[in-house]
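Taking it in order: structure first as structure tokens, then the write-up.
Chains as they are written, first to last, in our numbering: chain A, 1 to 346; chain B, 347 to 625.
Spelled out as structure tokens, the structure:
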């Protein structure tokens, strides 16, 4: 049982604040992904949980035990690093056995565990090799095997797939998900790749400039972004945003279309819709087609709406040409509204 | 038009450049290798041949000069002193230099840049300037004419290199390896011993050899600070005036050859320190 609780953790480097008072609880056996652009503080937060970085303030609890004053080795964690950190002077076998030998486990147990995890990661034929004789993907497998062999309560992963080529990344992603689900550990996984985050996570914590903007299930994060940043960061292409002006109380005008919306004192708020949530029709947003990109399963159309770019994903049999005037009708249940000042969802 | 002119001019310019390069390389090689060649040829010739003219291109491999040198009164003792002082210098340089290099590569601390600068600054003071006050101080503290006293002076000469070589060495070992060891159950010390040390050992050995060589070759401090316990360099300097030519050549070879071999074996790490790619 290892629930992780991060309480009001902040980190300052000199005058720069990398993390502003983070609160986050990760349930036992949950797969939590920290997602954000580089420099958002996600790796710093992971390293604070690992004990490789000391928080400027706040507490870290793992399995009901306060650990922020403990060194990494006493926290019951294992970590997989972005550059694998496979020890170059040891064989694959000794790499995986390293932590077990530090625990002074009997030789038989060490061999058993190394062979088991090596089999799990499909590297049993590499056990006698050195890291210099391995490919990037194989090194990654060794690093994961080394962490799993520790049978830790918590596995921390810092962009483990980002150094692999695209095809291998896809393969490893699926494999990691299976292996980690079977291992019943609590996982914190740092990535800047939203597809990776969506496909792996039980819950995604979207980070931006040292804050957690939203922590929710992948579908929730995608469908109901808590802030404009989440909508613009997640989804490819990202959400469309258009300024809406007040027509009446609870009614807003967006690019020639009047829609029911939230009640607000403000004269303008932001209307948002995902590209795939619009249909062409006889009424809707006035749009002029700029670029048409047929992508196979669907067609990506970039339009001008009220002088701004608007992307729509249409069925691939839609006959659209550059210069066409379209009316794009947003699906009513998919429309989201944001406060332009606080950028929070309304 | 201009492109045509260029295409004619370019190969000629390149050719001239190549000639210049080759000539410079040859000149530099002669500059470095000729004295070494003469030294070896004369050391391996009989005493009579050393003073004879014309010279033979290949030495006669007569060990007369060398055996005379080895049996010359005081040489064995001076050789022993050289080895002793150089070994002490080596131990002191690595003992202080390697931890300093590790600290520079791994920790951020106030005054880090100043420290790095000061390490280099020790080389800015000419030894003759320091020698007199040092001699006075050594006499007062009883360190004069001792191996450890001279080793201390040589350590100040060798230390900057030890610090810089080990600094670049430790910087070349990813910090993640250490961090991985910590998460796998190591204390800082255990991680250093099990991960960093095995990876750094060849380079540390190289840096030690370099410190040894600096002490081995140093003559000024050795001549000023020792009287009875002279090192080989100081001994040869002292007896330079009255000794015959073939003794000088044999002594010179005895000093240069070990230093050359040492430096050649550790060249990879010295290049790394000076920022030249490992070749």
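Heads up, the beta-carbon is just placed ideally off N, CA and C, and yes, glycines get one too. Quantities reported herein were computed from a predicted structural model and do not represent experimental measurements.
Any chain A beta carbon closer than 8 Å to residue i
i, result
"residue 552/B", "no"
"residue 375/B", "no"
"residue 512/B", "no"
"residue 528/B", "yes"
"residue 531/B", "yes"
"residue 588/B", "no"
"residue 523/B", "yes"
"residue 604/B", "no"
"residue 520/B", "yes"
Spatial distance of residue i from residue j (CA atoms)
i, j, result
"residue 153/A", "residue 45/A", "18 Å"
"residue 134/A", "residue 418/B", "59 Å"
"residue 506/B", "residue 38/A", "38 Å"
"residue 427/B", "residue 90/A", "41 Å"
"residue 277/A", "residue 7/A", "38 Å"
"residue 99/A", "residue 513/B", "28 Å"
"residue 449/B", "residue 143/A", "27 Å"
"residue 97/A", "residue 58/A", "34 Å"
"residue 167/A", "residue 216/A", "28 Å"
"residue 330/A", "residue 532/B", "57 Å"
"residue 592/B", "residue 585/B", "13 Å"
"residue 359/B", "residue 369/B", "15 Å"
"residue 356/B", "residue 364/B", "12 Å"
"residue 169/A", "residue 198/A", "14 Å"
"residue 398/B", "residue 510/B", "47 Å"
"residue 225/A", "residue 35/A", "14 Å"
"residue 527/B", "residue 541/B", "8 Å"
"residue 484/B", "residue 581/B", "20 Å"
"residue 141/A", "residue 128/A", "15 Å"
"residue 182/A", "residue 516/B", "39 Å"
"residue 350/B", "residue 367/B", "Since pLDDT at residue 350/B reaches only 49, below the 50 mark, its modelled position is unreliable, and no value is offered."
"residue 65/A", "residue 31/A", "20 Å"
CB contact check: residue i to chain B, cutoff 8 Å
i, result
"residue 339/A", "no"
"residue 11/A", "no"
"residue 69/A", "no"
"residue 139/A", "no"
"residue 89/A", "yes"
"residue 72/A", "yes"
"residue 77/A", "yes"
"residue 347/A", "Absent from the model: residue 347/A. The displayed extent of chain A is 1 to 346, so no value can be given."
"residue 81/A", "yes"
"residue 150/A", "yes"
"residue 2/A", "no"
"residue 397/A", "Beyond the ends of chain A as shown, which are 1 and 346, falls residue 397/A; an answer cannot be given."
"residue 145/A", "no"
"residue 85/A", "yes"
"residue 17/A", "no"
7 Å CB neighbourhood of residue i in its chain, flanking five on each side removed
i, result
"residue 20/A", "10, 210, 211"
"residue 294/A", "316"
"residue 24/A", "6, 205, 212, 215"
"residue 274/A", "235, 239, 334"
Same chain, Cβ closer than 6 Å to residue i, five either side skipped, listed in chain order
i, result
"residue 561/B", "431, 432, 435, 500"
"residue 253/A", "245, 247"
"residue 348/B", "Low local confidence applies: a pLDDT of 47 at residue 348/B is under 50, so the model's placement there is unreliable, and no value is given."
"residue 403/A", "In the structure as shown, chain A starts at 1 and stops at 346, and residue 403/A therefore has no counterpart that could be examined."
"residue 387/B", "405"
"residue 42/A", "34, 36, 190, 207"
Contact with chain E by residue i, beta-carbon distance below 8 Å
i, result
"residue 118/A", "In summary, chain E is missing from the structure at hand, where the protein chains are A and B."
Nonlocal neighbours in the same chain, by C-beta distance under 8 Å from residue i, ignoring five residues either side
i, result
"residue 406/B", "390, 391, 392, 395"
"residue 409/B", "390"
"residue 477/B", "566, 567, 570, 571"
"residue 321/A", "289, 292"
"residue 298/A", "276, 313, 314, 315, 316"
Could you name the residues of the segment 19-45 of chain A whose beta carbon sits closer than 9 Å to any beta carbon of chain B, in the order they occur along the chain? Taking 9 Å as the upper bound on Cβ-Cβ separation, chain B lies near no residue of the segment 19-45 of chain A.
Of all the residues that make up the segment 494-509 of chain B, which are near chain A by a beta-carbon distance shorter than 8 Å? Among the residues of the segment 494-509 of chain B, none has a Cβ less than 8 Å away from any Cβ of chain A.
By the 8 Å beta-carbon criterion, what residues does the segment 542-568 of chain B contribute toward chain A? If you check each beta-carbon in the segment 542-568 of chain B against every beta-carbon of chain A, the ones closer than 8 Å belong to 544, 545.
Minimum length 4: unbroken alpha helix (DSSP H) runs contained in the segment 20-73 of chain A: Here the runs fully enclosed are 42-50.
What residue ranges within the segment 199-235 of chain A form continuous alpha helix (DSSP H) runs of no fewer than 4 residues, ordered along the chain? 218-223, 228-233, all fully within the segment 199-235 of chain A.
Identify every run of the alpha helix (DSSP H) within the segment 81-161 of chain A, keeping only runs that are complete inside it and at least 4 residues long; order them along the chain. Entirely contained in the segment 81-161 of chain A, the alpha helix (DSSP H) runs reaching 4 residues are, in chain order, 92-102, 107-120, 136-149.
Can you give, in chain order, each stretch of the alpha helix (DSSP H) that sits fully within the segment 535-602 of chain B and has at least 4 residues? Entirely contained in the segment 535-602 of chain B, the alpha helix (DSSP H) runs reaching 4 residues are, in chain order, 543-563, 566-571, 578-585.
Anything in the segment 443-472 of chain B with a Cβ closer than 8 Å to a Cβ of chain A? List those residues in chain order, please. Per Cβ criterion, the list is empty.
Listed in chain order, which residues of the segment 230-254 of chain A have Cβ atoms closer than 9 Å to some Cβ of chain B? Cβ contacts with chain B: none found.
Residues in the segment 50-62 of chain A with C-beta within 9 Å of chain B's C-beta atoms, listed in sequence order? Only 50, 51, 52 from the segment 50-62 of chain A bring a Cβ to less than 9 Å from some Cβ of chain B.
Complete beta strand (DSSP E) runs within the segment 228-286 of chain A (minimum length 3 residues, chain order): The segment 228-286 of chain A contains these whole beta strand (DSSP E) runs: 240-248, 251-254, 257-260, 268-273.
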